[in-house]
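S.K.: Input: one structure, supplied below.
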Amino acid sequence: MPDNGLVKLEGGFEPNIVAIFCNWCTYLAADLAGTARMKYAPNARVVRVMCSGRIDPQFVLDAFANGADGVLIGGCHPGDCHYQEGNYKTLRRVQVLKRLLKQMGIEEERFRLEWISASEGDRLRVVMNDMVEKLKKLGPLNYKAPAETEAAEPEKAMAGVAGR
Amino acid sequence: MHDQNGSVRIGVYICHCGSNIGSVVDCKAVSEYIATLPGVVVSRDYKYMCSEPGQEMLEKDIAEHNLNRIVVASCSPHLHEHTFRAATAKGGLNQYFMAMVNIREHDSWVHTDKRAATRKAQDLVRAAVARVAKQKPLDKARVDIDPKVLIVGGGIAGIHAALTLANAGKKVYLVERAPTIGGHMAKFDKTFPTLDCAACILTPKMSAVRAHPNITLWTMAEVTSLSGYVGNYDVQVTRHTRYIDEDLCAGCLECIAACVYKQAKVDDEFNEGLGKRKPIYLPFPQAIPQVPVIDRETCIEFKSGKCKKTCLEACGERHAINFKLEDKVENVRVGTVIVATGFQTVDAKRLPYYGYGVYPNVFTSLEVERLVNASGPTAGEVYLRDGKTHPKSVGIIHCVGSRDEKTNKWCSRVCCMYSLKLAHLLKEHTGAEIFNFYIDMRTPGKGFEEFYQRLLNEGVHCIRGRVAEVTDWALNPSEEGKLVLRVEDTLLGVVRRIPVDMVVLSVGLEPHKDAQEVRRLFNITCSTEGFFLERHPKLAPVNTFTDGIFLAGCCQGPKDIPDTVAQAGAAAAEAMALIDAGYVEQEPNTAYVIEEDCSGCKTCVPLCPYSAIAFREDKRKAEVNPVLCKGCGTCVAACPSGSLQQHLFEDDEIFAEIEGVLVHA
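Sequence order for the protein chains is A and B. Just so it is clear: in the first sequence, position 163 is 162 by numbering that gives the first Met the number 0, and no numbers are missing. Just so it is clear: in the second sequence, position 110 is 109 by numbering that gives the first Met the number 0, and no numbers are missing.
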């Protein structure tokens with residue numbers, strides 16, 4: 000890769016985490032953690048959606064296919080959804096997805112669903128740190144799709160599974 | 000880089016936010032890296048993007064460099080998304096051609112490793128660059144605002160907001176759970192620091208509420224459901240019956256005198272149990288409405304069905320009393336809602352070391368408010384619990400259930416001042432020696448510090464120290480029969496034992512027990528301690544995260560009467576701003592169906608909690624009603640054929656963002 004100014008991180012393995020947070024609870028919890036200047040591990044990159052119910056299981060598969068070592072989904076507590084019940088739909092999808100990921104050989108610690116309300120900045124900090132710690136122990140995701148040897152792009156390797 | 004929108008020319012702006020971002024994230028390194036990405040035409044870092052020059056720079060660049068996409072990396076979109084959308088629009092682009100990246104709350108403020116924080120910013124901005132290229136122009140939909148307002152809670156906040164709106168010609172529904180409006184303020188004797196009589200300033204406003212043609216007052220009523228959206232909320236209010244028809248009752252109160260209970264025997268809630276009432280009663284003489292209420296729990300007719308019903312006789316021809324009256328359900332439509340549900344005081348029994356409920360002469364501050372009140376149970380005579388002895392010495396303990404890890408961590412803001420007020424009133428009424436025990440004396444407010452000085456000059460003792468316990472264990476004859484406060488006087492540096500006749504616990508303010516249910520009902524958020532959360536602590540202090548729902552008073556956090564009234568006025572003004580605009584623009588993040596891909600499987604239809612998706616039998620396709628759709632995207636994630644999409648959160652936008660944050664994307 001040419002030196003285009005992208006900062007390279009030194010030291011040991013730093014897991015890449017894609018965090019998909021709902022706009023009303025967990026994204027705000029992350030805002031609150033910021034306002035309160037809480038400190039946590041810098042590994043997660045937050046993608047905002049309006050509701051965790053918007054999270055298509057393909058988003059999670061896409062993240063793993065493109066180099067995520069972990070995916071964190073954050074939504075409102077059951078009963079607290081800004082859209083009444085989107086988080087229940089999330090929960091159902093996550094249950095199925097967890098089994099699917101397991102069958103694919105992706106360790107269960109790599110995929111996490113957390114209910115974090117807008118007031119729980121500290122909970123966000125704890126979850127972030129905990130997930131990073133667990134992923135560091137686990138090491139990088141060495142996902143080898145059967146087709147990966149032929150296909151240079153991991154995305155294509157996942158294509159059969161993700162069905163995009 | 001090309002896509003369906005033609006050639007993409009992106010301008011990227013990395014904000015330093017003074018040193019808020021710049022001291023942790025190397026903004027220059029971020030902008031230099033981003034400049035190397037395809038499609039990026041301009042990449043700058045700047046001290047304050049939200050400032051006028053920052054916005055102008057963005058607008059100028061759009062024209063000069065023919066930009067058609069904008070990325071701003073600064074604070075949370077919850078703070079400044081509208082600012083940069085507006086700047087983008089001012090520059091001549093559709094405002095939805097802008098993507099915002101949060102590198103302050105989610106990055107510089109939460110990380111200490113500068114390299115890692117800079118890298119995180121680079122990853123996040125790269126993702127936004129990928130995302131913004133896919134974004135489409137969108138228009139905001141307009142919805143009409145129903146001019147009626149629902150106000151929940153009839154304390155001073157609700158009363159003031161109701162009158163403000165009603166005086167401006169808006170129709171208001173004021174819903175109060177208790178049999179009367181007035182809230183906590185009605186119980187107070189005097190208000191600090193001016194010592195004007197609470198009833199004298201409150202009760203005229205209460206009467207005005209009753210008399211105002213624009214206010215519909217429902218007491219003993221609760222909101223039982225709320226649906227709809229800003230401008231068009233459908234509200235269901237359950238009006239519990241008082242067994243006396245408000246329309247027929249003349250307020251003569253003869254039924255109360257005629258009750259078969261000759262003596263009032265039931266604990267009077269309004270007087271904190273210090274006085275007694277009958278099963279049929281008016282909470283207090285100036286109650287609004289002036290209609291008595293029958294308490295089912297204690298009324299003999301309800302208990303046995305064998306009462307002589309002398310109240311009915313007394314009512315006579317009016318026939319206002321009717322034991323068969325039932326709860327009524329009202330359905331109304333309003334455009335905006337003001338939640339002003341107030342607070343409860345901390346239960347003093349949670350602090351057993353202060354002996355409330357164990358030693359009779361330990362009182363709560365609210366009890367003392369009633370004792371010193373001329374219309375209270377003792378007509379303003381301050382007696383000990385025996386009902387005949389005046390205290391000769393009183394200890395007032397501040398911060399009971401406030402600033403305390405064991406109960407509530409927050410400062411309740413009003414206790415120092417009301418404790419000083421009670422000290423003054425108790426001294427005035429009894430001539431007793433008064434001791435105030437405080438942690439810090441907090442008197443920030445107009446005339447507050449002066450009031451404190453006045454009290455010191457009146458000879459009230461103020462001892463700095465948190466009282467460890469209240470005990471009746473006398474160590475010497477002077478303590479016999481007294482309550483002894485054990486406290487470290489932190490200014491003297493000694494532990495003292497101070498014997499008094501009466502102890503007053505200045506209980507703190509906390510959210511109502513059922514605040515969580517109220518929060519769910521109105522789809523609003525709570526902060527950590529359980530008070531309702533404002534949209535922004537400084538810039539949107541009466542707004543909530545749900546459009547058209549506003550907050551006023553102590554349900555948002557402890558505050559005194561002047562602040563409550565100011566906030567209620569602000570909430571009323573916010574509601575009025577919406578009403579007078581006549582319409583509100585809605586985020587266009589609704590779902591839509593790509594008809595040629597829709598297989599008509601109906602998976603999406605039952606998923607929508609708002610019934611926004613209809614199945615068109617004629618076309619055999621699903622159809623989203625954009626007015627009903629609130630934009631959660633749950634249906635979009637469920638569509639097996641990918642034929643449902645969500646504006647602003649399209650699949651390819653989210654995929655671009657996910658792949659964008661990952662390195663080898």
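Backbone N, C-alpha and C define an ideal beta-carbon position, used for all residues, glycine too. As the structure is a computational prediction, the values presented were derived from the model and not from experiment.
Rounded to a whole number of angstroms, what is the C-alpha to C-alpha distance between Tyr82 of chain A and Lys88 of chain A?
M.R.: As a first step, residue 82 of chain A is located in the first sequence; it is residue number 83 there, counting from the start. As a first step, residue 88 of chain A is located in the first sequence; it is residue number 89 there, counting from the start. The alpha-carbon atoms of Tyr82 of chain A and Lys88 of chain A are separated by roughly 11 Å.
S.K.: Quick check: the Cα distance between Val222 of chain B and Glu175 of chain B, rounded to an integer number of angstroms?
M.R.: Counting from one through the second sequence, the residue named residue 222 of chain B turns up at place 223. Counting from one through the second sequence, the residue named residue 175 of chain B turns up at place 176. Approximately 9 Å, taken between the alpha carbons.
S.K.: Going along chain A, which residues have a C-beta under 7 Å from Asp596 of chain B?
M.R.: Numbered from its first residue, the second sequence carries residue 596 of chain B at position 597. The premise fails here: Asp596 of chain B is roughly 14 Å from chain A at the closest Cβ pair, so nothing lies under 7 Å.
S.K.: Please classify His76 of chain A as buried or exposed, where buried requires at least 16 other C-beta atoms within 10 Å of its C-beta.
M.R.: Working through the first sequence from its first residue, we reach residue 76 of chain A at position 77. Burial call: exposed.
S.K.: Apart from the five residues on each side of it in sequence, which residues of its chain come closer than 7 Å, Cβ to Cβ, to Ala158 of chain A?
M.R.: In the first sequence, counting from the first residue as 1, residue 158 of chain A sits at position 159. Per-residue confidence for Ala158 of chain A stands at a pLDDT of 49, beneath the threshold of 50, marking its modelled position as unreliable; no derived number is given.
S.K.: To the nearest whole angstrom, what separates the beta carbons of Leu225 of chain B and Phe648 of chain B, a pair I think is in contact under 8 Å?
M.R.: Translated into positions along the second sequence, residue 225 of chain B becomes position 226. Translated into positions along the second sequence, residue 648 of chain B becomes position 649. Their Cβ separation, rounded to whole angstroms, is 26 Å, which puts Leu225 of chain B and Phe648 of chain B out of contact at 8 Å.
S.K.: Thr470 of chain B and Lys38 of chain A - do their beta-carbons sit closer together than 9 Å?
M.R.: Position 39 of the first sequence holds residue 38 of chain A. Position 471 of the second sequence holds residue 470 of chain B. No, Cβ-Cβ distance for Lys38 of chain A and Thr470 of chain B is not below 9 Å.
S.K.: Taking only beta-carbon positions, decide if Arg44 of chain A is within less than 9 Å of chain B.
M.R.: In the first sequence, counting from the first residue as 1, residue 44 of chain A sits at position 45. At least one chain B Cβ lies under 9 Å of Arg44 of chain A.
S.K.: Could you have a look at Ala539 of chain B and say whether DSSP puts it in helix, strand or coil?
M.R.: Within the second sequence, residue 539 of chain B is the residue found at index 540, counting from 1. Looking at Ala539 of chain B - three-state DSSP - the assignment turns out to be strand.
S.K.: Name the chain B residues that come within less than 7 Å of Thr25 of chain A, Cβ to Cβ?
M.R.: For the purposes of this step, residue 25 of chain A is taken as the residue at position 26 of the first sequence. The premise fails here: Thr25 of chain A is roughly 11 Å from chain B at the closest Cβ pair, so nothing lies under 7 Å.
S.K.: Is it the case that the stretch 593–604 of chain B contacts the stretch 190–201 of chain B, given that we only count it when at least three CB pairs across the two stretches are under 8 Å?
M.R.: These segments do not touch.
S.K.: How about Ile279 of chain B and Cys298 of chain B: do their beta carbons lie closer than 9 Å?
M.R.: By one-based count along the second sequence, residue 279 of chain B stands at place 280. By one-based count along the second sequence, residue 298 of chain B stands at place 299. Contact: yes.
S.K.: I need the DSSP call for Leu627 of chain B, collapsed to helix, strand or coil.
M.R.: Locating residue 627 of chain B in the second sequence gives position 628, where the first residue counts as 1. Looking at Leu627 of chain B - three-state DSSP - the assignment turns out to be coil, as it is neither helix nor strand.
S.K.: Any C-beta of chain A within less than 8 Å: which residues of the stretch 619–645 of chain B qualify?
M.R.: The residues in question are Lys629, Gly630, Cys631, Gly632, Thr633, Val635, Ala636, Ala637, Gln645.
S.K.: Run through chain B and tell me which residues come within less than 8 Å of Met103 of chain A, C-beta to C-beta.
M.R.: Here residue 103 of chain A refers to the residue found at position 104 of the first sequence. Those within 8 Å of Met103 of chain A in chain B number zero; the least Cβ separation is about 18 Å.
S.K.: Within the same chain, show all residues whose beta-carbon is closer than 8 Å to that of Phe12 of chain A, passing over the 5 residues directly before and after it, in chain order.
M.R.: The residue given as residue 12 of chain A occupies position 13 in the first sequence. The answer, listed in chain order, is Lys135, Gly138, Pro139.
S.K.: Between which two residues does the beta strand (DSSP E) harbouring Ser107 of chain B extend?
M.R.: For the purposes of this step, residue 107 of chain B is taken as residue 108 along the second sequence, with counting starting at 1. Premise fails: Ser107 of chain B is in no beta strand (DSSP E) and is neither H nor E.
S.K.: Quick check: Gly66 of chain A and Val128 of chain B, are their CB atoms within less than 9 Å of each other?
M.R.: Start at 1 with the first residue of the first sequence, and residue 66 of chain A comes out as number 67. Start at 1 with the first residue of the second sequence, and residue 128 of chain B comes out as number 129. Going by C-beta atoms, Gly66 of chain A is not nearer than 9 Å to Val128 of chain B.
S.K.: Over the uninterrupted beta strand (DSSP E) stretch that includes Phe614 of chain B, give me the two end residues.
M.R.: Here residue 614 of chain B is taken as the residue at index 615 of the second sequence, counted from 1. Here the beta strand (DSSP E) through Phe614 of chain B covers 612–615.
S.K.: Along the stretch 113–142 of chain B, what residues have a CB closer than 8 Å to any CB found in chain A?
M.R.: The residues in question are Arg114, Ala115, Ala116, Thr117, Arg118, Lys119, Gln121, Asp122, Leu123, Ala126.
S.K.: Relative to the C-alpha of Pro359 of chain B, which candidate in B:Thr240, B:Ala177, B:Lys481, B:Glu51 has its C-alpha closest?
M.R.: By 1-based counting over the second sequence, the position of residue 359 of chain B is 360. For Pro359 of chain B, the nearest C-alpha among the options comes from B:Lys481.
S.K.: What are the partner residues of Met329 of chain B, as DSSP defines its beta bridges?
M.R.: Translated into positions along the second sequence, residue 329 of chain B becomes position 330. For the record, residue 329 of chain B in the displayed sequence is Glu; it is not Met. Glu329 of chain B pairs with B:Val236.
S.K.: Give me the Cα-Cα distance between Tyr26 of chain A and Val45 of chain A, rounded to the nearest whole angstrom.
M.R.: If you number the first sequence from 1, residue 26 of chain A lands on position 27. If you number the first sequence from 1, residue 45 of chain A lands on position 46. Between Tyr26 of chain A and Val45 of chain A, the C-alpha separation is close to 8 Å.
S.K.: Report buried or exposed for Asp138 of chain B, applying the criterion of at least 16 other Cβ atoms within 10 angstroms of its Cβ.
M.R.: Residue 138 of chain B sits at position 139 when you count from the first residue of the second sequence. Result: exposed.
S.K.: Who are Arg111 of chain A's beta bridge partners in DSSP?
M.R.: Translated into positions along the first sequence, residue 111 of chain A becomes position 112. Arg111 of chain A is bridged to A:Leu71.
S.K.: If you drop the 5 nearest sequence neighbours on each side, which residues of the same chain put their C-beta closer than 7 Å to that of Arg534 of chain B?
M.R.: Along the second sequence, one-based indexing puts residue 534 of chain B at 535. Around Arg534 of chain B: Asn542, Thr543, Phe544.
S.K.: Is the Cβ of Phe549 of chain B closer than 9 Å to any Cβ of chain A?
M.R.: As a first step, residue 549 of chain B must be located in the second sequence, where it is residue number 550. For Phe549 of chain B, the answer is no, since every Cβ of chain A falls outside 9 Å of its Cβ.
S.K.: Determine whether the Cβ of Ile578 of chain B lies closer than 9 Å to any Cβ atom of chain A.
M.R.: On the second sequence, position 579 is the one that residue 578 of chain B refers to. No, no contact with chain A.
S.K.: Compare the C-alpha of Gly230 of chain B against each of B:Gly400, B:Glu584, B:Glu31 and name the closest.
M.R.: Start at 1 with the first residue of the second sequence, and residue 230 of chain B comes out as number 231. That would be B:Glu584, whose Cα lies nearest to the Cα of Gly230 of chain B.
S.K.: Using a C-beta cutoff of 9 Å, does Phe12 of chain A count as contacting chain B?
M.R.: Stepping through the first sequence from its first residue, residue 12 of chain A is reached at position 13. Chain B contact via Cβ: absent.
S.K.: Please state whether DSSP places Ile657 of chain B in a helix, a strand or coil.
M.R.: Walking along the second sequence from the start, residue 657 of chain B turns up at place 658. Looking at Ile657 of chain B - three-state DSSP - the assignment turns out to be helix.
S.K.: Anything in the stretch 91–106 of chain B with a Cβ closer than 9 Å to a Cβ of chain D? List those residues in chain order, please.
M.R.: This model lacks chain D altogether; the protein chains it does include are A and B.
S.K.: Since His81 of chain A meets chain B, which of its residues come closer than 9 Å, beta carbon to beta carbon?
M.R.: What you label residue 81 of chain A is simply residue 82 of the first sequence in a count that begins at 1. Simply Asn522, Thr524, Phe544, Thr545, Lys629, Cys631.
S.K.: Mind checking if Asp129 of chain A is an interface residue toward chain B, Cβ cutoff 9 Å exclusive?
M.R.: The residue labelled residue 129 of chain A in the question sits at position 130 within the first sequence. Chain B, which has no Cβ nearer than 9 Å to the Cβ of Asp129 of chain A, makes this no.
S.K.: On the criterion of 16 or more Cβ atoms from any shown chain inside 10 Å, does Leu149 of chain B qualify as buried, or is it exposed?
M.R.: Numbered from its first residue, the second sequence carries residue 149 of chain B at position 150. So Leu149 of chain B ends up on the buried side.
S.K.: Find out if the Cβ-Cβ distance for the pair Ala339 of chain B, Ala567 of chain B is shorter than 9 Å.
M.R.: The residue you call residue 339 of chain B lines up with position 340 of the second sequence. The residue you call residue 567 of chain B lines up with position 568 of the second sequence. Cβ atoms of Ala339 of chain B and Ala567 of chain B: closer than 9 Å.
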